[in-house]
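Participant: The structure is given below, and queries will be raised subsequently.
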Amino acid sequence: MFLVESTLRSALAPSSALASALPAAAPQEAAHWEPFLPGLVVLLPLLGFVANGFLALRAARRSSAAVRAGKEWSPIAGSVRPRTHTLPTWIGPGVMAAAFGLAAINFATAWGAHLAEPVIAGPYWTWIATETLRIDAALQLDALSLAMTMVVTGVGFLIHVFSVGYMKDDPGYPRYFAYLNLFVFFMLVLVLGSGYGTMFVGWEGVGLCSYLLIGYWFSDVKKSDAGKKAFIVNRIGDFGFLLAIFLIFQGFGTLDFMPVSAGAAGEFAYGGTMVTAITLLLLLGAVGKSAQVPLHVWLPDAMAGPTPVSALIHAATMVTAGVYMVVRSSALYALAPTSQAVVAGIGVLTAFVAATIAFKQNDIKKVLAYSTVSQLGFMFLAAGVGAYTAAVFHLVTHAFFKALLFLGAGAVIHAMHHAVEHGDEPPAGHGHMDPQDMRNMGGLRKHMPVTWAVMGVATLAIAGIWPFAGFFSKDEIIWYAGAWAGAESNPFGGLYVAYWVLALVTALLTAFYMARLMVMTFHGANRTGPAASHLHEAPRVMIVPLVVLAVLSVLGGWLNVPEALHQTALGLFGAVPAEGLHHWLAPVVHAAEEIQAGAIGEASKSAPIGGGELAWALVSTLAAAAVVIATFRVLGRRSYATAAADPGPQTALGRFLHGKWYFDEAYERTVVQPVLAASRWCWKVVDTRVIDGFVNFTGSFTRVAGWVASVFQTGQVNMYAFVLALGVLLVLGAAVLLP
Amino acid sequence: MLVEHALLLSALLFVIGSLGVVVRRNAIIVFLCIELQLNAVNLAFTAISRHVGIEGQVFVFFVMTVAAAEAAVGLAVIISIFRHYGTVGVDKFNLLKW
Amino acid sequence: MTWILFILFSVVATGGAVGVVTGRNPVASLLFMVATLASVAGIYVLLEAHFLAAVQVIVYAGAIMVLFLFVIMLLNLGHDYQADVKYGLWFLLAFVVAGLTAGALTMGFSDAEATGFGDVAAGEAIDAAVLEKGAVGAIADPLFTDYVVAFELTGLLLLVAVVAAVALAKPRNRRGTDAG
Amino acid sequence: MTDFLASLGYESWILHALVWGPLAGMVHVLAAPKERAKHVAFRWSALLFVLSSGLWWAYDPVGGGFDFVSSASWIPAWGVEYALGLDGISLFMVVLTTFTTPIAILGSFEYVTRRRKAFYALMLLLETGVVGVFLATDLLLFFVFFELTLVPMYFIVGIWGGRRRIYAAVKFFLYTAVGSLLMLLAILYMYFAGSADSFSYDAFLAADLNLREELWLFAAFALAFGIKVPVFPLHTWLPDAHVEAPTPGSVILAAVLLKMGTYGFLRFLLPFFPQAVQHPVVVTVMLVLGVVGIVYAAWVAAVQPDAKKLVAYTSVAHMGFVVVGVFALTVNGLQGGLVVMISHGVSTGALFLLLGMMYERRHTRLVEDFGGIARSAPFFATAFVITALASIGLPGTSGFVGEFLALLGAFETRPAAAVAATTGVVFAAYYMLPMVQRLLFNPSDEPANRRFPDLSRRETVIMAPLVALMIWIGVHPTPFLDRMGPSVDRVLERVEAVSIEATAPVDESVGESVGDFAVVLAPEPEPEPEPLAAEPVVELAETPALLPDVEGD
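Residue numbers (the numbering used here), protein chains in the order written: chain A, 1 to 739; chain B, 1001 to 1098; chain C, 2001 to 2180; chain D, 3001 to 3553.
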C-alpha cells in the first residue's frame, strides 16, 4: 500500500519533488515543463494487473475445482460472453487507454515546451539506500523516455484491444490480461526509470512477463520450455547488465542516468578500457534482451506465446529495450569506438543471419520472429554507427509495422484455428493441421481482405518502399552506416564499409522474405482443404487495431524526414517538417554526438562508393520494390505442397537455413549438455563420492578404531589396573621430565 | 630429611601395591594390595603435613574413612561374586566387558 | 634413635608389602599386611602424627583387617594355596611399569627445588598445636570447623557403605542354598 | 508506537521474554493434552512474534551498538555472565526467528502425527536456543545456546524424519559438533589470552592477539560457522538433513539455523579477527569458497531428482552470496549479505513449506512425479512461482536486493570474485525454472496431479505473510537497510581500524598457495601489537602449584 500511497502523493504533487530534484540554478532555455501525473502512467497498468490478477485467481479457483473433479471447465460453454471475461475486458484495455491518454498529454505538452532538460518525477521513495549507494524509485521524463512511453502505451493499448477478440475463447482470459498489464507496467518502469537500477527492475520484470506469457499455455511442454529458455537466455544477458551496473557504480558512485551521461566524458578517456568494458557488458545485456546473435535463439521459440503477446513483447516493445538501453547510454558508447564497432557488427550480422533464416521458415510467426530479429539488428547497427536517432526512429516505425504484421498474422491464425476446429472432417493428411503453417494457407486474400490489405501495407513498410514508414527509417540507418564508414578519422572505417554492404544486402533480403510470406499466405491457391469454407475475416475488435496500426505504418515515417529528402519529391517538397524526431531527441543524444564529432569527425557526405543520400534513397526503394515485384512474379506462380506433403528443403543450403544455422544444436552440444554433464559429475562424483565419501570414511574409521580398541577391554581387572598404572606413569613421567 | 625418606618409602609401598594389583588373581589379595596403595598415599600425606600443615593429616583421616567404607562394600561384592561363581579369581569373570 | 627406628619400620613395612604381594595363602598375605600397617603406624609416630598412628592401628590393623579375615574365613579361602601370580611377559611388563613409576615418583619427591620443601614452620605449628590441644585436639579442631561438612558427609558415606554391604552380601533370595 | 512500548517498560523485559518465553511455552505444551499441543505451541510462538515485532520500533539504530543491554552474573568464578543485547544485525535474525517459528508450527499441523507433544516442545526449545544465540553477548552463553540448538534439531530430524533420518541426524550432529568444539577451544584460548577474566563480547573485542593467533582462531571459528552456513566443502550434511527432516524442521533449518553461521561471521569473525579477516589469503580462500558454493551448488541442484534436495542445494548457493558479500568487507557487501540472509530465510522457508504441502498431498518428493499442478491448484502455483522468483532474485522481490548489494559490494573490492559470483544469477534460473516447470506446468498426466487440492485456508494463512514479506523487502527495503546500517558500519569500522601492514602486500599469486597458513606465514615477521589494547598481557608463567613455594630444609 505504501507504494500506491506514495506514488499517488507524488503524482499529485510532483512540483515539490521536482524542485528538489533539479538544481534551481540550472538555466532552462526551454519553457518550464511540468509533467502531468507521470506516476499514474506507470501505476495504472499495475493497478490493472492487481485487479485482473485478483479476477484471474477467482476464475482459476472455479476452473481448478472443475479440473480436480475431472471435468474440463470452460467459461465459454453456453454463453457468448462469459462472466469471467467481462471485467478484464474493461480493466485490461481500460487502464491502457488511460495510461496512453496521460502519456499523450505529457508528450504533447513536452513537445510544445521543447523539452530540453530531463525532468525527474519523484523520487517516490528510496528503493535501496546504503551508505554509498542510493537508488531512488523515480522516473526520468525526457524526449527519449516520453517517446518510448508513447509507443509502449499506444501500441500496447491497441494490442490489448486486439486481444479482447483474439483471446475471447480462452479460459485463462483474466490471467492473460493480468500478465499483459504487468508487462506494460514493467516496460514503463524500464523506459521511465531514472537510473540503471530502476531500469534493471523493468528489464528483469519484462523478462518475467515474457516468461509467463510465452508459457501462457503452460500445459504444453514445448511452450513451457520456450518460456524457460527465454528466461535463462535473458539471464545470461542480465549477467552482463549487472556487471555493467557494478562498473558504472564504481565509476560514478551513482546509477542515475543524468550524472552518468553528464559526467561520462570527464570520467573516462576516449576509448579507455573501463568505458569499453562497461559498454560491452551493457551490450551483452542488450544482446540477450533484444535477441541479437548469438543470444537470439530464444526469440523464435518465444512464438509459442499467444500471438498478441508476440506482437507486443517480442516485436514492438520488450525486445527493443536493448536498443533503448544503448541509446540511453549513448554518452558511454560514444566514448568507446571498439564497443560501437561491436554493436554495429553484431547488429548487422544479426540482421543478415536472421533474414537468411527467415527465407526457409514455414511457420508464419517464425518468419515474423526472424524478421524481428533482423530488424532489431538494423537498430543495433544504427546505434553502433552513432545514429541514435535513426535507431529510435526505426524502433518506433518497427513497433508500428511489426505489431501490425504480428496482429495480422494473429488474425490469420485465428481464422485458421477456427476453420480447423470447425472443419467437419479431418484435414487432408494425417492428424492435426498446424494453423500457423503457411504451407496450409494460400489464397486467404479472398477470405480476409482487410487483413490482406493491412498486411500488405506493413510488408511494403518493412521492405522499405516509399512512402511507407520503413523506407525512411531503414534507409536512414543504411545511409548513416555508409556515412560513418567514411568519417575522417574513424578507426574502423574499413569494417564499417563491410557493414554497409551487408546492410544493403539484408535490406533486399527483407523485401524478399516478406513478399514470400505474403505470397504463401494470401495469394495463390488455397491449401487449407475442406476446412477452408470456415475461413472468415476477423471480428471488428481485432480489425480496428489493425487499421490504426496500418495508418501509423504509412505515416510513421514522416516523423523524421531526412534533411536531404526534405525539399524533394520523396519529402513531398517540404510539406512535412524535416527531422522532427531528430530535433526532439537532440537533447538526449547531444552529449554523445558531441563526443563523436570531436573524436571521429564529420560523417561523410557520400556513401563509400559515392552517391549522395537522395540518390541512395531512390536506389534502395526502387531495388526493394523490384525485389517485391519479382518475388510475387516468381513465387506467385509456384505451387506449394501442404505441410503434410512437403518433403522439406532439398538443397544443403536450404536445410542449413531451415535448420536456423543450427544454432540451437550447437548450443545444445557445446553449452547445455556439458553443463548438465558437469552438474551430474559434481553431484555424483564430488558430492557423493569425494566429500561424503570422506565424511562417511571418518565415521567408519571411528567405528573400526573403536573395534580395535575394544580388544583391550578384556574384562580382567588386572588389565584395567595395568592400563591405569600405565596412565599414572605417563602423567607422572610428563610431570617429572617435562620442564 | 625424615619427610623425604618417608615419601620415598611411600613411593616404594605404592609401587609394590600396584604391582600386586596387576599380577595377582585372587580378588582378596588384589584388594589387600589396593589397601596397601592407600596406605602408601596416607604415608605421603602425613609426611607432607610436616610442610603444609595439619590439613595433610585431616586428609588421611578422610582417606581412612573412605577405605573403611570401600572395604565394607568391596568385600560384600567379593562375597556375592563368590556365591555366584564359586571363585574369587579375577580372571574367571569379565563382568566389565559388555 | 629416630633414624634407627625409621630404618627398622621401613624394612618391616617393605618386607611386609612384598609379603602381601607374594604370599600364597591369603591369610599369610593378610598377616604381612598387618605388619606393614603397624610399621607405617610407627612411622606416623616418628612424624609426630600420634593420633593417626593410633587410628591406624585400631581401625586399619584392627578393624579392617579383621573384616578381611572374616571374609577369608567365610569363603573358606584359608586353604587356598594355589599360585595365582601371573608370570611371564605380563609379570615382566608389570615390573617394568612399576619400576618406572617408582623411578618417576622418586625423582619427583627428591626434586626439592621443584616441589619446594623446606618449610619447617608448618611442622612447628603442628607441634605447637599438639602441645596446646593434645594430639586429638590438634586434628579435631580443623575437622570440626573448616571441614565439618566433609566430615558429616563421611558419616553419610559410611552409612551408605553399611547399607550397601548388607544389601550386597545378603543372599539374593530366600530359597538361596548358601544363606548360612 | 515507541512511546507506547516505553510505557510498557518494553526495553527491560523483551529480550528475556524472547529467550525464556519459548521455554515457558514448552512447559505448557508438555502439560497440555496431546490434541491441544499444536494449538498451544502455535499460540505461544505467535505471542512471541507479536512481542518481538515491537523491536522494529523500539530499536534505535543510531550508533549501531548493542541496545536493551542487560546482564547478570552466572558463573562468577569464571566471569561468565548471562548477558543479552540486541543490535541492528541481531534484530532481524531474532524477528526472523520469531516470525518463522509460528509459521513452521502452523505448517506442521497435518504433517506431524506421532508424538505431537514432544515435537512441539522441541520446536519451542529450538526457538529458545536460536533466539539465545542471536541475543547472547557473552561468549560462553552464546556457545551454550549454540549447542542447545543442536539437541532439538537432532531429535526433530531423528524422530520425525524420513527413511534415512538416523543417518541424517547423526551426520548433522557430528558435523556441527566438530566445528563447535574447535570454536569452544578458540573461545577458551581468547578467554585466557585476554586480561579481563570475562567471556563478555567487549572483553573479547579487546583481546590483544597477534596475526598468527588471529589466523588460527579465525580458522577455528570459521570452521564452526562455515559448517553451519554451510560453506562449500562442508555442506553435505545439509541436503541430507533437509531431505529427511519433517517440513517444519526444514523450514527452521533453512530459515534460521543456517543464519547462525553467517551471523557468526558478522558478529564474531569480523570484529574479533580484523587482521586475519583482511589477510589476503583468508579473503581469497573465503571468497573462492563462496563463489564455488554458488556455482557448484547451483549445478548440483539442477540435476537433483528430489525437489526437496534441490531446494536444499539452493540454500548452499544462497549462502554463498552471503559469504561473498561479507568477505568483500564493504558496507554494501555486508548489508547485502544480511538482506540475503533475511530473504533466504523467507523464500527458502516458503519453498520448503510448499514442498511439504506437496508431500502431504502426494507422498512423494520426486520432481518427475508431478506436473501440471498449476491447473488444479492455481493458488498454490501462484505462491510457488512468486517464491521461486524471490529465490532466484528477481528485482522487486527480496532476493534481488540482497544479491545485488552483496555482489555490488564484492565488486568494489574483489571484482573477479564478484564476476564469478554473478554467474550464479544465470545458474539460479538454470536450477529453479526447470523445477517450477516440471512441478507446476507441463501436462498433468498423473490423475493424482489432476486431483491435487489447492491451498487450504490454513495454508493460505501460512503463505500470505511470507509472500507479502518477499515483496515488501523487494520493493521497499530501506527500513531494513536503515536499521542494519549503523551496526554493519560498526563492524566494518572495527575491521578497518586495524591494518595488517606487517603482512605481505596483496599480490595475485596468493591464490595459489591457499589453504596452508603456515607456508604463507612462516617467513613473515610478527606484527607489532595493535595500539587498541594498551594493557599488558598478564604473564601466565606462574605455575598454579598445588604446593606453596618454600625452600627445602
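Here a beta-carbon is modelled for each residue, glycine too, at the ideal position from N, C-alpha and C.
#1: Just to confirm the assignment, what range does the beta strand (DSSP E) spanning Ala138 (chain A) have?
#2: Please state the DSSP three-state secondary structure of Glu3496 (chain D).
#3: What are the residues that DSSP puts in a beta bridge with Ser3073 (chain D)?
#4: According to DSSP, is Ala1076 (chain B) helix, strand or coil?
#5: So which residues of chain C does Phe712 (chain A) contact, with C-beta pairs closer than 8 Å?
#6: Strictly by DSSP, which residues pair up with Asp3306 (chain D)?
#7: For a test of the three-state rule: what should DSSP assign to Ile609 (chain A), helix, strand or coil?
#8: Compare the C-alpha of Ala3416 (chain D) against each of D:Gly3371, D:Ile3373, D:Val3495, D:Gly3290 and name the closest.
#9: Identify the contact partners of Val1061 (chain B) in chain C, using a Cβ-Cβ distance below 8 Å as the criterion.
#10: The beta strand (DSSP E) with Ile465 (chain A) in it runs from where to where?
#11: Using beta-carbon positions only, say whether Val327 (chain A) and Tyr270 (chain A) come within less than 9 Å of one another.
#12: Under the three-state reduction of DSSP, which class applies to Thr126 (chain A): helix, strand or coil?
#13: In the structure shown, what three-state DSSP assignment does Ser3200 (chain D) receive?
#14: Could you tell me whether any Cβ in chain A is nearer than 9 Å to the Cβ of Ala2098 (chain C)?
#15: Report yes if the C-beta distance between Leu3215 (chain D) and His3279 (chain D) is below 9 Å; otherwise report no.
#16: Counting only C-beta atoms, is Asn3210 (chain D) closer than 9 Å to chain A at any point?
#17: Quick one, are the C-beta atoms of Met303 (chain A) and Asp363 (chain A) less than 9 Å apart?
#18: Quick check on the DSSP output: the alpha helix (DSSP H) that includes Asn490 (chain A) runs from which residue to which?
#19: To the nearest angstrom, how far is the alpha carbon of Val385 (chain A) from that of Trp484 (chain A)?
#20: According to DSSP, is Ala742 (chain A) part of a helix, a strand, or is it coil?
#21: So who's on the other strand from Asn1026 (chain B), going by DSSP bridges?
#22: Under the assumption that Gly3088 (chain D) contacts Pro3486 (chain D) (Cβ atoms under 8 Å), give the Cβ distance between them as a whole number of angstroms.
#23: Could you tell me which residues DSSP pairs with Leu730 (chain A) in its beta bridges?
#24: Taking the C-alpha atoms as reference points, what is the distance between Leu242 (chain A) and Ala277 (chain A)?
#25: Would the beta-carbon of Pro3395 (chain D) fall within 9 Å of that of Trp203 (chain A)?
#26: One question on the structure: do Leu192 (chain A) and Pro38 (chain A) come within less than 9 Å of each other, judged by their Cβ atoms?
#27: Quick one: which chain A residues come within Cβ less than 9 Å of Val1030 (chain B)?
#28: Could you tell me the distance, in whole angstroms, from the CA atom of Leu3354 (chain D) to the CA atom of Phe3218 (chain D)?
#29: Consider the Cβ of Phe1093 (chain B): report whether some Cβ of chain C lies at a distance smaller than 9 Å.
#30: Is the distance from the Cβ of Gly377 (chain A) to the Cβ of Ala341 (chain A) below 9 Å?
#31: Provide the residue(s) that pair with Leu3150 (chain D) in DSSP beta bridges, ordered along the chain.
#32: Quick one: does Leu2074 (chain C) have its CB under 9 Å from some CB of chain B?
#33: Looking at C-alpha atoms only, which residue of D:Ala3104, D:Val3069, D:Leu3084 is the closest neighbour of Ala3046 (chain D)?
#34: Just the Cα atoms here: how many angstroms apart are Arg689 (chain A) and Ile128 (chain A)?
#35: Answer yes or no: does any C-beta atom of chain B fall closer than 9 Å to that of Ala2035 (chain C)?
#36: With 9 Å set as the bound, which would you pick, yes or no: does the beta-carbon of Gly3054 (chain D) sit closer than that to a beta-carbon of chain A?
Facilitator: In terms of the structure at hand:
#1: In the first sequence, the residue the question calls residue 138 (chain A) occupies position 138. Counting along the chain, the beta strand (DSSP E) containing Ala138 (chain A) begins and ends at 134-141.
#2: Here residue 3496 (chain D) corresponds to residue number 496 of the fourth sequence, with the count starting at 1. Here Glu3496 (chain D) sits in helix by DSSP.
#3: Here residue 3073 (chain D) refers to the residue found at position 73 when the fourth sequence is read from its first residue. Note: Ser3073 (chain D) sits in a beta bridge opposite D:Glu3081.
#4: Taking the second sequence and counting its residues from 1, the one referred to as residue 1076 (chain B) is at position 76. Helix at Ala1076 (chain B).
#5: By one-based count along the first sequence, residue 712 (chain A) stands at place 712. Within chain C, no residue comes near Phe712 (chain A); the closest Cβ sits about 13 Å away, beyond 8 Å.
#6: Along the fourth sequence, read from residue 1 onward, the residue named residue 3306 (chain D) stands at position 306. D:Leu3366, per the DSSP bridge assignment.
#7: Numbered from 1 along the first sequence, position 609 holds the residue referred to as residue 609 (chain A). Correct three-state label for Ile609 (chain A): coil.
#8: Counting from 1 along the fourth sequence, the entry for residue 3416 (chain D) is found at position 416. Nearest option by C-alpha distance: D:Gly3290.
#9: For this step, residue 1061 (chain B) is matched to residue 61 along the second sequence. Inspection of the sequence shows that residue 1061 (chain B) is occupied by Phe rather than by Val. Within 8 Å Cβ-Cβ: Leu2052, Val2055, Ile2139, Leu2143.
#10: Within the first sequence, residue 465 (chain A) is the residue found at index 465, counting from 1. From DSSP, Ile465 (chain A) is part of no beta strand (DSSP E); its letter is neither H nor E.
#11: The count along the first sequence starts at 1 and reaches residue 327 (chain A) at position 327. The count along the first sequence starts at 1 and reaches residue 270 (chain A) at position 270. No, the Cβ-Cβ distance between Val327 (chain A) and Tyr270 (chain A) is not below 9 Å.
#12: For the purposes of this step, residue 126 (chain A) is identified with residue 126 of the first sequence, where counting begins at 1. Three-state DSSP puts Thr126 (chain A) in a strand.
#13: Counting from one through the fourth sequence, the residue named residue 3200 (chain D) turns up at place 200. Reduced to three states, the DSSP call for Ser3200 (chain D) is strand.
#14: Indexing the third sequence from 1 puts residue 2098 (chain C) at position 98. Ala2098 (chain C) counts as touching chain A.
#15: Indexing the fourth sequence from 1 puts residue 3215 (chain D) at position 215. Indexing the fourth sequence from 1 puts residue 3279 (chain D) at position 279. The answer is yes: Cβ separation under 9 Å.
#16: Counting from one through the fourth sequence, the residue named residue 3210 (chain D) turns up at place 210. So, not an interface residue.
#17: The sequence position of residue 303 (chain A) within the first sequence is 303, counting from 1. The sequence position of residue 363 (chain A) within the first sequence is 363, counting from 1. Yes, they are a contact pair.
#18: Looking up residue 490 (chain A) in the first sequence gives position 490. Neither: Asn490 (chain A) is in no alpha helix (DSSP H) and is coded neither H nor E.
#19: Translated into positions along the first sequence, residue 385 (chain A) becomes position 385. Translated into positions along the first sequence, residue 484 (chain A) becomes position 484. Computed Cα separation, rounded: 6 Å.
#20: Residue 742 (chain A) is absent from the model: chain A starts at 1 and stops at 739.
#21: The count along the second sequence starts at 1 and reaches residue 1026 (chain B) at position 26. BP columns for Asn1026 (chain B) point to B:Gly1089.
#22: Reading the fourth sequence from its first residue, position 88 is the one you call residue 3088 (chain D). Reading the fourth sequence from its first residue, position 486 is the one you call residue 3486 (chain D). Going by Cβ atoms, the distance from Gly3088 (chain D) to Pro3486 (chain D) rounds to 6 Å, so yes, they are a contact pair.
#23: Position 730 of the first sequence holds residue 730 (chain A). The partner list for Leu730 (chain A) (beta bridge, DSSP) is empty, contrary to what the question assumes.
#24: Residue numbering aside, residue 242 (chain A) sits at position 242 when the first sequence is read from its first letter. Residue numbering aside, residue 277 (chain A) sits at position 277 when the first sequence is read from its first letter. Each residue's alpha carbon lies about 12 Å from the other.
#25: Here the question's residue 3395 (chain D) lines up with position 395 in the fourth sequence. Here the question's residue 203 (chain A) lines up with position 203 in the first sequence. Yes, these two residues count as a Cβ contact at 9 Å.
#26: Translated into positions along the first sequence, residue 192 (chain A) becomes position 192. Translated into positions along the first sequence, residue 38 (chain A) becomes position 38. Their beta carbons are under 9 Å apart, which means Leu192 (chain A) touches Pro38 (chain A) by this criterion.
#27: Taking the second sequence and counting its residues from 1, the one referred to as residue 1030 (chain B) is at position 30. Residues of chain A passing the Cβ test: Val717, Asn718, Ala721.
#28: Here the question's residue 3354 (chain D) lines up with position 354 in the fourth sequence. Here the question's residue 3218 (chain D) lines up with position 218 in the fourth sequence. Between Leu3354 (chain D) and Phe3218 (chain D), the C-alpha separation is close to 38 Å.
#29: Taking the second sequence and counting its residues from 1, the one referred to as residue 1093 (chain B) is at position 93. No, its Cβ sits nowhere closer than 9 Å to a Cβ of chain C.
#30: Here residue 377 (chain A) refers to the residue found at position 377 of the first sequence. Here residue 341 (chain A) refers to the residue found at position 341 of the first sequence. No, the Cβ-Cβ distance between Gly377 (chain A) and Ala341 (chain A) is not below 9 Å.
#31: Against the fourth sequence, residue 3150 (chain D) aligns to sequence position 150. DSSP output for Leu3150 (chain D) lists no bridge partner at all.
#32: The residue labelled residue 2074 (chain C) in the question sits at position 74 within the third sequence. Yes, contact with chain B.
#33: On the fourth sequence, residue 3046 (chain D) is found 46 positions in, with the first residue counted as 1. That would be D:Ala3104, whose Cα lies nearest to the Cα of Ala3046 (chain D).
#34: For the purposes of this step, residue 689 (chain A) is taken as the residue at position 689 of the first sequence. For the purposes of this step, residue 128 (chain A) is taken as the residue at position 128 of the first sequence. Answer to the nearest angstrom: the Cα atoms are 43 Å apart.
#35: By one-based count along the third sequence, residue 2035 (chain C) stands at place 35. Not an interface residue.
#36: Within the fourth sequence, residue 3054 (chain D) is the residue found at index 54, counting from 1. No, Gly3054 (chain D) does not count as interfacial toward chain A.
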